[in-house]
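J.: Per UniProt numbering, the sequence shown starts with residue 1, numbered consecutively. Glycine included, every Cβ here is placed at the ideal spot set by N, Cα and C.
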Amino acid sequence: MDNSKVQEILEKQLLTVAKAVEDKIDDEISAIDRLDSDDLEELRERRLQQMKKMAEKRRSWIALGHGDYSEIPNEKEFFSVVKASERVVCHFYRENWPCKVMDKHLSILAKQHIETRFVKINAEKSLYLAEKLKIVVLPTLALIKNAKVDDYVVCK
Numbered sequence: 001m002d003n004s005k006v007q008e009i010l011e012k013q014l015l016t017v018a019k020a021v022e023d024k025i026d027d028e029i030s031a032i033d034r035l036d037s038d039d040l041e042e043l044r045e046r047r048l049q050q051m052k053k054m055a056e057k058r059r060s061w062i063a064l065g066h067g068d069y070s071e072i073p074n075e076k077e078f079f080s081v082v083k084a085s086e087r088v089v090c091h092f093y094r095e096n097w098p099c100k101v102m103d104k105h106l107s108i109l110a111k112q113h114i115e116t117r118f119v120k121i122n123a124e125k126s127l128y129l130a131e132k133l134k135i136v137v138l139p140t141l142a143l144i145k146n147a148k149v150d151d152y153v154v155c156k
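Spelled out as structure tokens, the structure:
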């Protein structure tokens, strides 16, 4: 196949996709135009309820310590934190430079992602937990969802 043939086929495909997207947008615009005041009020009320629910979640997350990057003093506290929050990012660290760099970035992320609790625990002082979770390399992040370790981020 030569270049002009390929280009012609691509142009036809692009035109077809653009037409489909344009038709979909036109349908959505006409659906919005057909809304009457009762429909708009219903949409407004639904959105208001969503916003209230989100504000309530936000308040409960902040009450649990979300939005802040904090240190867990012991293994017992780790289990309390994990049970209380749906999503937790736990930094297993020791006092060295790579872990301090990770701390800096996690404190920034904690403020941006209030739906997740960001904590750190000294791996050298919590040997049982590090062994159970198979933490070998530090720093390591344990990504915990619904009280179960979902994944790890291991620095090399």
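Can you grab the Cα-Cα spacing for the pair alanine 142 / glutamate 131, in whole Å?
T.: Here the question's residue 142 lines up with position 142 in the sequence shown. Here the question's residue 131 lines up with position 131 in the sequence shown. When the Cα atoms are used, alanine 142 and glutamate 131 turn out to be separated by approximately 13 Å.
J.: With respect to 6 Å, is the separation between the Cβ of leucine 106 and the closest non-hydrogen atom of the ligand ZN below this value?
T.: In terms of ligand content, the structure shown is empty, and the ligand ZN therefore cannot be addressed.
J.: Which value, in whole angstroms, describes the spacing of the CA atoms of aspartate 151 and threonine 116?
T.: For the purposes of this step, residue 151 is taken as residue 151 along the sequence shown, with counting starting at 1. For the purposes of this step, residue 116 is taken as residue 116 along the sequence shown, with counting starting at 1. Looking at the two C-alpha atoms, the distance is approximately 15 Å.
J.: Could you spell out where the beta strand (DSSP E) holding methionine 16 opens and where it closes?
T.: On the sequence shown, position 16 is the one that residue 16 refers to. Contrary to the premise, residue 16 reads as threonine rather than methionine in this sequence. Per DSSP, threonine 16 belongs to no beta strand (DSSP E); it is in the alpha helix (DSSP H), 3-33.
J.: Rounded to whole angstroms, what is the Cα-Cα separation between glycine 67 and proline 98?
T.: Indexing the sequence shown from 1 puts residue 67 at position 67. Indexing the sequence shown from 1 puts residue 98 at position 98. Distance between the alpha carbons of glycine 67 and proline 98 is about 23 Å.
J.: For a test of the three-state rule: what should DSSP assign to leucine 138, helix, strand or coil?
T.: In the sequence shown, the residue the question calls residue 138 occupies position 138. Leucine 138: coil per DSSP, three-state reduction.
J.: Using beta-carbon positions only, say whether leucine 106 and alanine 123 come within less than 7 Å of one another.
T.: Indexing the sequence shown from 1 puts residue 106 at position 106. Indexing the sequence shown from 1 puts residue 123 at position 123. Against a cut-off of 7 Å, the Cβ pair of alanine 123 and leucine 106 comes out as no contact.
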